[in-house]
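Residue numbers (the numbering used here): 1042 to 1179.
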Ligand SMILES: [Zn+2]
């Protein structure tokens, strides 16, 4: 299974020492072949030569679980389901749910934008953050 082809305009070089660091749509990024069991795409910055995953800096980076499953979990949580029920429905551990939500909290802006792009309504995204914050064990 191949992941969706990334839109290069939405990425920028993550290397702070690169002249094109944080520049979007600068034409410096090229797409590399997908890697790993989830066929994650790699991008390469022509300016500094750095290669990085399209999932870098996202809640999904280095997760072993397919991102569809994580999104399904977030969807259930936004419905008000408990972490326990969500975990049971998806066949994962409750610890995983806790880990994903903790990670989500480190990437609020990214995930909010990501879910918007998936077509989530604003009210649902708001509900998701509400429930995550409410249930989160700090
Ligand atoms: Zn670069």
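A virtual CB, placed ideally from N, CA and C, is assigned to each residue, including glycine. Here the structure is a predicted model, which is why all the values come from computation and not from measurement.
Distance from the CA atom of residue 1171 to the CA atom of residue 1177, rounded to whole angstroms, is 10 Å.
Annotation for residue 1088 indicates a beta carbon within 7 Å of some heavy atom of ligand 1. Counting the other CB atoms within 10 Å of its CB gives residue 1134 a total below 16, which places it among the exposed residues.
Closest in C-alpha terms to residue 1088, from the list 1062, 1046 and 1130, comes 1062.
Our two residues, residue 1058 and residue 1161, have alpha carbons roughly 35 Å apart in a direct line. Under the three-state reduction of DSSP, residue 1071 is assigned to strand.
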